[in-house]
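In the numbering used here, the protein residues as written are 78 to 274.
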């Protein structure tokens, strides 16, 4: 059955951050079940002794993918998922030059939903991962040759002082570039103390 959405995604290469998280798994599941995407590149960091590739393989064992695996061969799904070692807290998201070349040449769609979600996070960690990480992703996205869409998924908590949150861009109370510069130049403990005063 054809649809405008399915036709749009057909044969596309997708880059996704946050793919091992709740929302990222939902996106992967939807892309693999409803759309005939060519590839999904996942930016994944090593964690608890597991490589990014091992984490992506384990990802398909999640109950979210159970029905999908019953309908399709697991190996076919695995063949569409590629893990790039990366980290949102690093410059260029910790991606290698070879990874960046592949992204620039092949990717059509980017979903950036990776973030540091700990609500008790220290300001330094949140700024470096969430603010600078997004700025680094934007730099990467600007170099993509055949980009058709960049989707940023953020948390409602970024506007936590508002009673109602509209679907629009809000002016930041501080210049993001200044905030990133402060995080990079000031001692992390000093920056964290500033946020509690």
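C-beta: ideal position from N, C-alpha, C; glycine also.
Residues near residue i in its chain [Cβ-Cβ closer than 7 Å; skip 5 each side]
{"i": "residue 130", "result": "160"}
{"i": "residue 58", "result": "No information on residue 58 is available, as it lies outside the stretch 78 to 274 that the chain covers here."}
{"i": "residue 220", "result": "181"}
{"i": "residue 205", "result": "166 and 260"}
Contact belief for residue i with residue j at Cβ below 8 Å, rounded distance in angstroms
{"i": "residue 200", "j": "residue 249", "result": "The Cβ separation is near 15 Å, so there is no contact."}
{"i": "residue 86", "j": "residue 120", "result": "About 19 Å separates the two Cβ atoms, so there is no contact after all."}
{"i": "residue 224", "j": "residue 211", "result": "Contact flag wrong, Cβ pair sits at about 16 Å."}
{"i": "residue 142", "j": "residue 98", "result": "The pair is not a contact, with the Cβ atoms about 14 Å apart (cut-off 8 Å)."}
Residues bridged to residue i [DSSP beta-bridge criterion]
{"i": "residue 90", "result": "116"}
{"i": "residue 228", "result": "188"}
{"i": "residue 262", "result": "For residue 262, which the question treats as bridged, DSSP gives no partner whatsoever."}
{"i": "residue 144", "result": "According to DSSP, residue 144 bridges with nothing at all."}
C-beta contact flag for residue i and residue j at 9 Å
{"i": "residue 177", "j": "residue 90", "result": "no"}
{"i": "residue 268", "j": "residue 208", "result": "no"}
{"i": "residue 171", "j": "residue 132", "result": "no"}
{"i": "residue 157", "j": "residue 110", "result": "no"}
{"i": "residue 175", "j": "residue 265", "result": "no"}
{"i": "residue 184", "j": "residue 246", "result": "no"}
{"i": "residue 112", "j": "residue 82", "result": "yes"}
Spatial neighbours of residue i in its chain, beta-carbon cut-off 6 Å, leaving aside the 5 residues before and after
{"i": "residue 104", "result": "188"}
{"i": "residue 95", "result": "101, 190 and 191"}
Within the stretch 146–207, ranges of the beta strand (DSSP E) (whole runs, at least 3 residues): 158–162 and 186–189
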